[in-house]
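Step one of this worksheet: look at the structure below.
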Amino acid sequence: MRLKLIATVLLMATALAGCNDTLDTAMDLSKVKNKVEQPLPDRIIAEMQKKDMPRNSPIMIRVFKEEGKMEIWKAKADNRFDKIAEYDICAWSGKLGPKVKEGDRQAPEGFYNLTPAHLNPNSKYYLAINTGFPNRYDAVNGRTGSNLMIHGACSSSGCYSMTDQQILEIYAFARDAFRGGQTTVQLQAFPFRMTAENMARHRNSENLEFWKMLKVGYDNFEVTKRPPEVNVCEKKYVFNQQIQGSGSFSPAAACPPMSTPPALTASLASYEKEYQLAYTKAMDKLDGKVWYEPTEAERKAIVADKRKGRDLAYAPTGTSLAAGKLVEPEEFEKLMAARLARSQPAGTLLASAAPAGASGSAAKQGRLPAGTASVQPGERSAMSVATAMNGTGRSAAASPAQQTQTAAVQPASTTTGAIPVPAPNPLAYAAVQPVSDEQKKPFWKFW
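The numbering of the sequence shown is my numbering, which starts it at 1064 and goes up by one.
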């Protein structure tokens, strides 16, 4: 009898220890009577009490593509944020890097403001939260796209897709925070955890300058444990900046005279000093190695067994860390050559063979116009391969804060002529429209 009791206790402990890893089996959705009002599980409520987090205090959401993680951070009674939940992202499409245009299947990267209007209780993907893409930064840089969500169903074409059980909890976190008075929930979407080793590993990426800019916001949160105040000027993000004298932030205009609060400046300087030491060590460790970033298909292959017995729409993608690898330059060249060969299915014309002036419809069918690399969505271009092979990246970059707070970052892609602007998404209006001074200063803001 005693052995049976011990076995029961151990089984319960294992289930609780797994927390979000066991979420699929911990919640029977058939017993959920009202998904919109479903309360958070008792285990999370207990953890909130232990961390001194009021039930309806503000939250923040962080996403890391490469690691395939989504985090929920929640304010404690002292207004500092602490992580309360972490989930494995079931599916995200494309590759590391920001969303640039409608149809590129990229999931957004950047800083987004979510309001109650972004919650969609009637989603065909169980429940959904609109990311608010495009925000002011995206819009001023000509980036297009719509209806990019955090949703259930585990199927993605530019979204961050969770399991239905996971989105049930995430939705409840946001709902409770809004009811507690939070006007906007900050979504921080990153390509990876912006550690020195990760930045060094991706030092030759075509997206490096954009990621350095995001890292300033990442660093601000790591130092303060509070969502940074985010503005856009000179077509770039700026974080926790105080305007000196008159002026205002306008996405396309020059940044007004601004400065970082002294206490934050000191904290960031100390953080940056440690980062630079870690970056130097990382560069020594990675010397002569190149990171092979996997394709979406390669990510899906490592989790193919998860689809067994599931609906065909269920399409987990796996993580880039699990499918990617650090290799010698010679092996990298072979891997990229094999990838390029796989990206040219029968019937597809190579760029060199495509007739000059090929129409847009031909491009949509896979017949690319002359001068265009024949690379599928999620693939590296030939130019980025050369960059990866030839870039040295031996010296640690200048302080990301110094780089991005003083110099404009150009958009990832340039175009000629005007770009049609799609009609505003009614669920995302708050991310691109001006907000009042009252809305700009949530009640937990401290600078």
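All C-beta atoms, glycine included, are put in the ideal place defined by N, C-alpha and C.
Proximal residues to residue i (C-beta, below 6 Å), its chain only, five neighbours per side dropped
i	result
glutamine 1304	Met1321
methionine 1446	Any reading at methionine 1446 is ruled out, since the residue's pLDDT is 37, under 50, leaving its predicted position unreliable.
methionine 1262	none
serine 1422	Only weak support is given to the placement of serine 1422: the predicted model assigns it a pLDDT of 36, under 50, and the question is left unresolved by the model.
glutamate 1292	Asn1303
alanine 1138	Ser1120, Pro1121, Phe1144, Trp1507
Short Cβ contact (8 Å threshold) for residue i with residue j
i	j	result
alanine 1216	alanine 1367	no
leucine 1182	arginine 1238	yes
arginine 1362	threonine 1380	yes
arginine 1206	valine 1163	yes
valine 1295	proline 1314	yes
Proximity winner among the options, relative to residue i (alpha-carbon distances)
i	options	result
isoleucine 1124	Ser1406, Ala1148, Thr1323, Met1116	Ala1148
glycine 1160	Met1111, Trp1136, Glu1272	Glu1272
glycine 1360	Leu1340, Lys1139, Ser1383, Ala1263	The sequence shown places alanine at residue 1360, not glycine. The residue with the shortest Cα to Cα distance from alanine 1360 is Ser1383.
glutamate 1260	Met1116, Thr1343, Arg1402	Thr1343
asparagine 1210	Asn1204, Tyr1223, Ser1309	Tyr1223
alanine 1317	Gln1112, Glu1297, Gly1221, Asp1091	Glu1297
serine 1333	Asp1282, Arg1373, Lys1164, Pro1290	Asp1282
tyrosine 1188	Arg1168, Ile1230, Tyr1200	Ile1230
leucine 1092	Asp1227, Asp1145, Asp1201	Asp1227
leucine 1389	Gln1112, Asp1115, Leu1340, His1265	His1265
glutamine 1307	Pro1319, Ala1315, Ser1313	Pro1319
aspartate 1201	Ile1192, Ala1400, Glu1165, His1214	Glu1165
valine 1126	Ser1186, Met1225, Met1111	Met1225
phenylalanine 1284	Met1257, Asn1270, Ser1309	Met1257
threonine 1095	Met1346, Glu1232, Asp1151	Residue identity differs from the one stated: residue 1095 is valine in this sequence, not threonine. The shortest Cα separation from valine 1095 among Met1346, Glu1232, Asp1151 belongs to Glu1232.
lysine 1288	Ile1135, Asp1151, Gln1112, Asp1350	Ile1135
aspartate 1151	Asp1167, Gly1208, Ile1192, Ile1213	Ile1213
asparagine 1142	Phe1236, Pro1290, Gln1112, Asp1167	Pro1290
aspartate 1511	Lys1146, Met1090, Gly1208	Nothing about residue 1511 can be read from this structure; the chain reaches only from 1064 to 1510.
phenylalanine 1236	Lys1146, Gly1310, Phe1395	Lys1146
Buried/exposed call for residue i, threshold 16 Cβ in 10 Å
i	result
proline 1254	buried
serine 1219	buried
lysine 1371	exposed
glutamate 1391	exposed
serine 1268	buried
glutamate 1393	exposed
glutamine 1169	buried
alanine 1140	exposed
aspartate 1115	exposed
proline 1463	Because the pLDDT of proline 1463 is 44, which lies under 50, any placement of that residue in the model is unreliable, and the number read from its coordinates should be weighed accordingly. The residue is buried, with at least 16 neighbouring Cβ atoms inside 10 Å.
asparagine 1097	exposed
glutamate 1337	exposed
isoleucine 1108	exposed
alanine 1400	exposed
Beta-carbon contacts of residue i that lie in its chain and below 7 Å, excluding the five residues immediately before and after
i	result
isoleucine 1365	Gly1381, Ala1385, Ala1386
lysine 1523	No answer is possible for residue 1523: it lies beyond the span of the chain, which begins at 1064 and ends at 1510.
Any chain B beta carbon closer than 8 Å to residue i
i	result
serine 1218	Within the model displayed, chain B is absent; a lone protein chain is all it includes.
Chain-order list of residues whose beta-carbon lies under 8 Å from that of residue i (same chain, five-residue window excluded)
i	result
valine 1286	Leu1327, Ser1330, Leu1331, Tyr1334
valine 1099	Pro1184, Leu1190, Tyr1234, Arg1238
asparagine 1270	Leu1159, Gly1160, Pro1161, Pro1254, Ala1475
Original post:
Can we say the segment 1141-1158 touches the segment 1124-1132, given the rule of at least three CB pairs closer than 8 Å?
Top reply: In short, these stretches touch, since the Cβ pair count reaches three.
Original post:
Does the segment 1088-1104 come within contact of the segment 1349-1358, defined as at least 3 CB pairs closer than 8 Å?
Top reply: The segment 1088-1104 is not in contact with the segment 1349-1358.
**OP:** Please confirm if the segment 1248-1265 is in contact with the segment 1162-1173, defined as three or more CB-CB distances below 8 Å between the two stretches.
**Re:** Counting Cβ pairs under 8 Å, three or more are found: they touch.
Original post:
Does the segment 1229-1246 touch the segment 1314-1334, meaning 3 or more C-beta pairs lie closer than 8 Å?
Top reply: Flag = no, the segment 1314-1334 and the segment 1229-1246 do not touch.
**OP:** Count the CB pairs spanning the segment 1190-1198 and the segment 1274-1291 that are closer than 8 Å, and state whether there are at least three.
**Re:** Judged by pairs of C-beta atoms under 8 Å, the segment 1190-1198 does not touch the segment 1274-1291, as fewer than three such pairs exist.
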